[in-house]
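Engineer: Sharing a structure with you now.
Okay, structure coming up:
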């Protein structure tokens, strides 16, 4: 079937192919490290479009990828010589005030979601970047700055409309015959079991938040920075559930535009209650006392942020809506926190910042509502952890001759913590397909890799995959294989 016939078979649906003038723009995903050239990009506008596309691809034996916004860090929402089921045009948001719920389509961008919900006095524990679309975020779990008070994004999920590998539309809830699939969709990662065309969420009442940033930068005090980081990580369980925080360790002080070992924490105090604010203030005083006892020379800064928080993917280029080449990885803590803190600061201190790349470690607070929710309510495996580590490297040009150095920074950092016994597991929203060293057995390597992300839940997820997609139609580099 040539391009003309394929488009004719999907008449009424916008299909972009290589000969079309907007093909180059349309094929670009958010990680420009990848330069894939799909056969077709099908711009679906509704469930019927998705059904027709799946049935045609099944009939013509075409491989597919599902793309909501193109933010899959390993580029697995696209590939060479595939059909892209592009959901970015499906961005409808419908709020029901009476039931405190909202139906949201996968192509809706988080910034628009927040605006529409807040206009109705609601909110949702979403993600960390406003330009991310809902689709893949929810299925991976979804972490954001309301996580400790509202849980992961998937914890607010009530129902989804999904199209299966056979092109069959179904309604999936925790109470109907698809309850096993519902469990798998909450943390099992995007694109594994079908195409979700609509999500129903239980909403939270919107409250104003007070955002506070604490920063310490010093060129020659790694021991003090280790103690400050250790203090923060040990304090995390004691913070009120209304406080969610995000920390960063880097060798660049973006406030003063200089290379300098820097530790920054941003707190989101949901509800602006004075008692919550005071808890962060008391923590700041403890850090100040620690700095004084250790004879610290740097300035411990306190900043109240009035603007809406967006955890930008990179401070290097300011605008996180720009597609950039990058590499990320992730892990959860294991063992002694003091040893972990020392290993983190030692690595960042010894590996200075690159001239044309931003490399850093992010720390996302967990606990709170995430821990309180039953472990068997979703396929997210690591509810007992107090925080999550994300290793990040972002640069400007895909053809940068130091790209491999940036990628190796991620690999070496994670491996050093792993060899020290400080970390375990990984988070599927921050995927890294290179965690496992190849053994020559691709199938076995893939299972070992996925075990990092899903732990003991992997076997159940594989059974669900075999039940709903036995022929592995929805398949990609890190997809769950049927059992």
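Numbering (this note's numbering), first residue to last: -5 to 477. Note that CB positions come from ideal geometry on N, CA and C, so glycine has one too. Since the structure is predicted, the reported quantities are computational estimates derived from the model, not experimental observations.
If you draw a straight line from the C-alpha of residue 204 to the C-alpha of residue 128, how long is it?
Structural biologist: Those two C-alpha atoms are separated by around 25 Å.
Engineer: Under the assumption that residue 234 contacts residue 206 (Cβ atoms under 8 Å), give the Cβ distance between them as a whole number of angstroms.
Structural biologist: Not really, about 13 Å apart at Cβ, beyond 8 Å.
Engineer: Go ahead and label residue 154 buried or exposed: buried means 16 or more other beta carbons lie within 10 angstroms of its beta carbon, across all protein chains shown.
Structural biologist: Classification for residue 154: buried.
Engineer: Looking only at C-alpha atoms, which of 215, 360, 242 sits nearest to residue 292?
Structural biologist: Answer by Cα proximity: 215.
Engineer: Specify, as a first and last residue, the run of the beta strand (DSSP E) that residue 344 falls within.
Structural biologist: Run containing residue 344: none in the beta strand (DSSP E); it sits in the alpha helix (DSSP H), 331 to 344.
Engineer: Count the other C-beta atoms from every protein chain shown that fall within 10 angstroms of the C-beta of residue 275, then say buried if there are 16 or more, exposed otherwise.
Structural biologist: Answer is exposed; the Cβ neighbour count stays below 16.
Engineer: Which residue comes first and which comes last in the alpha helix (DSSP H) that contains residue 246?
Structural biologist: That residue, residue 246, is in no alpha helix (DSSP H); it is neither H nor E in DSSP.
Engineer: Looking only at C-alpha atoms, which of 476, 470, 474 sits nearest to residue 59?
Structural biologist: Among 476, 470, 474, the Cα nearest to that of residue 59 belongs to 470.
Engineer: Is it buried or exposed for residue 391, if we count other Cβ within 10 angstroms and need 16 for buried?
Structural biologist: Classification for residue 391: exposed.
Engineer: Output needed for residue 145: all residues of its chain with C-beta closer than 7 Å, excluding positions within five of it in sequence on either side, in chain order.
Structural biologist: 119, 363, 364, 367.
Engineer: Taking C-beta to C-beta, are residue 277 and residue 139 nearer than 9 Å?
Structural biologist: No, Cβ-Cβ distance for residue 277 and residue 139 is not below 9 Å.
Engineer: Using a Cβ-Cβ cutoff of less than 7 Å, which residues in the same chain neighbour residue 178 once the five nearest sequence positions on both sides are dropped?
Structural biologist: Cβ neighbours of residue 178 beyond the five flanking positions: 187, 373, 455, 458.
Engineer: According to DSSP, residue 163 sits in a beta bridge with which residue or residues?
Structural biologist: 157, per the DSSP bridge assignment.
Engineer: For my contact list, residue 141 and residue 360 are in at a C-beta cut-off of 8 Å; report their separation, rounded to the angstrom.
Structural biologist: Indeed they touch by this definition, with Cβ atoms about 7 Å apart.
Engineer: Who are the Cβ neighbours of residue 99 in its own chain at under 8 Å, not counting the five residues just before and after it?
Structural biologist: Once the five neighbours on either side are set aside, the close Cβ partners of residue 99 are 81, 84, 85, 86, 87, 128, 191, 192, 193.
Engineer: Residue 426 to residue 398, Cα distance in whole Å?
Structural biologist: Rounded to whole angstroms, residue 426 to residue 398 spans 15 Å at the Cα level.
Engineer: Look up residue 44 in the DSSP assignment and say whether it is helix, strand or coil.
Structural biologist: Of the three classes helix, strand and coil, the one that applies to residue 44 here is helix, per DSSP.
Engineer: Under 8 Å, with one C-beta from each stretch per pair, do the region 169 to 183 and the region 215 to 233 reach the 3-pair mark?
Structural biologist: Cβ pair count under 8 Å is below three, so no.
Engineer: Nearest by alpha-carbon distance to residue 245: which of 298, 136, 356, 156 is it?
Structural biologist: Here the closest residue by C-alpha is 356.
Engineer: Less than 8 Å between the CB atoms is what I'm expecting for residue 109 and residue 125, so what's the real figure, rounded?
Structural biologist: Contact flag wrong, Cβ pair sits at about 13 Å.
Engineer: Threshold first: 4 residues or longer. Then list the alpha helix (DSSP H) segments lying entirely within the region -4 to 75, N to C.
Structural biologist: Runs found: -3 to 3, 17 to 21, 41 to 53.
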